[in-house]
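Worksheet: the structure to be examined is printed underneath.
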Amino acid sequence: MPQRNREMVRIDNAFEQARRELAEIASVRPGVERRVAQVSVRPPPRVFAWSLMAGAAVVASIAVTVWQARTPVPPTRPSPAHPLAQTIPYRSLEIGNTELVEYLAAYTDRGDIVVIWTCRGDGVRAMPEDTMEIPAGKYRLSNLDAVKLADGRTLVCSLVIPETGVQPALEPPSIFARSGDHNITAMSVWPRAASAAELADAIRSADGGQAGADVADIARQIQKRVR
Amino acid sequence: MVDSDEDLVWRVRRGERNAFSLLVERYEQPALLVARGILPSWHDAADAVQDAFVTAYVQINRLWSPHKFGAWFLRSVRRQALWHRRRRVVRERHMVSAGTDAAYEAPKEIVAPVDVVSIIARLPEQECVVVTMRHLQEMSVMEIARVTGRPVGTVTKQLSRAYARMRPWLESEG
């Protein structure tokens, strides 16, 4: 290829000229050798040591990750509570020697309110003392059942019937207990929607395992009254 | 039998200063050309090359691939030359004129073939190595391949690429 040959000739000429110029320059070799004799080669960088340390760090982090993955993690969420735990007494009132504990206040299908509660104290009795209804503010109150428990408490299942137009959420009803010296203790309850199972659980919870209350019987009475 | 760069580097690492002298002999002229492409005089270029050789000797254990000594060293030369140029500029800026001295005779600057050195200085180090070995030291492609530890095909390819880069300059000369 003539073009390529021409290029080669030009390159050779250019380098020939450079070679001639370089021939006039004193070699740097003596100076380099003199200076090199006064210095020493630096030791190699500790790449191996650093690599070893980095590798060890990586292996350690992997080991920790694997160990953490295999270690059973304690549950962060609480385990499902026992059904009775859902009906634990969530409101109690203690005045003098009178103690009232509300276990559940639940709406019935008709809009009435069933309250499972207990009272305790010297001569303390739930009001009303029989199954008849008494007026209590904007409600009519009656007790479906009252069972004396072995620990001295009285488990009461009350039925509260609101007057027409009354909103229990805004105007909560109350339950009442009379002590031996005729003092009356009242406690407001806030009803909520609850299933029959929750109601049964509340009765069992109030009963405290003493089997003083017949859940089925109370449920039957509730059904009978609210029907 | 010509020693390869890799062999010489390993010998230097083992403490043989003679091996480094062989490397100096091999790369002195390419380095001078590269430095001259950056610096205004051969004298400055020789200083930069000398510094670059000493630095290369001290830091030869930092060279990861001994067979790439040529490219690594020319890169160092380029850095040294740039540093010398910067230093020279700073020195000239701070120079205070004290008048002319009749007895003082300025050293004669050798007129360099600036065109070829400038084009060499612009080539990538790998190509700079093969071109200078081929045309300045008149080594055959086989010898270049043996010295640099590269396959013959790679050397040929790098020469072709270098010629392609030099072509615009050749045409302007033409």
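These protein sequence lines are chains A and B, in that order. Following the working numbering, the numbering of the first sequence begins with 1 at its first residue and continues without gaps. Following the working numbering, the numbering of the second sequence begins with 1001 at its first residue and continues without gaps. The C-beta atom is built at its ideal place from N, Cα and C for all residues, glycine as well.
Asked	Found
Beta carbon proximity, residue 14/A to chain B, threshold 8 Å	yes
Cross-chain neighbours of residue 27/A in chain B, by beta carbon under 9 Å	1024, 1025, 1028, 1046
Pairwise C-alpha distance: residue 1143/B and residue 1155/B	10 Å
Chain A residues whose Cβ lies nearer than 9 Å to that of residue 1167/B	7
Whole-angstrom C-beta distance between residue 154/A and residue 160/A, which should lie under 8 Å	Between residue 154/A and residue 160/A the Cβ distance is about 18 Å, and since that is not below 8 Å, they are no contact.
Whether residue 1050/B touches residue 59/A by CB criterion (8 Å)	no
Within 7 Å of chain B by C-beta, residues of the segment 44 to 67 of chain A in sequence order	44, 45
Whole-angstrom distance between residue 198/A and residue 81/A, CA atom to CA atom	Bear in mind that a pLDDT of 49 at residue 81/A, under 50, signals an unreliable position, so the model cannot answer this.
Where residue 1166/B falls, given that 16 or more other Cβ within 10 Å makes a residue buried	buried
Simplified DSSP state of residue 93/A, which is helix, strand or coil	strand
Cβ-Cβ distance between residue 45/A and residue 1036/B below 8 Å	no
Residue-level contact to chain B via CB, residue 69/A, 8 Å cutoff	no
For residue 219/A: DSSP bridge partner residues	Answer is none; residue 219/A lacks a bridge partner.
Three-state secondary structure (DSSP) of residue 1139/B	coil
Short CB-CB distance (under 8 Å) between residue 1011/B and chain A	no
Minimum Cβ-Cβ distance from residue 1002/B to chain A less than 8 Å	no
Beta-carbon spacing of residue 1034/B, residue 1081/B below 8 Å	yes
Residue 174/A and residue 219/A closer than 8 Å at C-beta	no
Supposed close pair residue 47/A, residue 1060/B - CB separation, criterion 8 Å	Contact doesn't hold; Cβ gap of about 15 Å is too wide.
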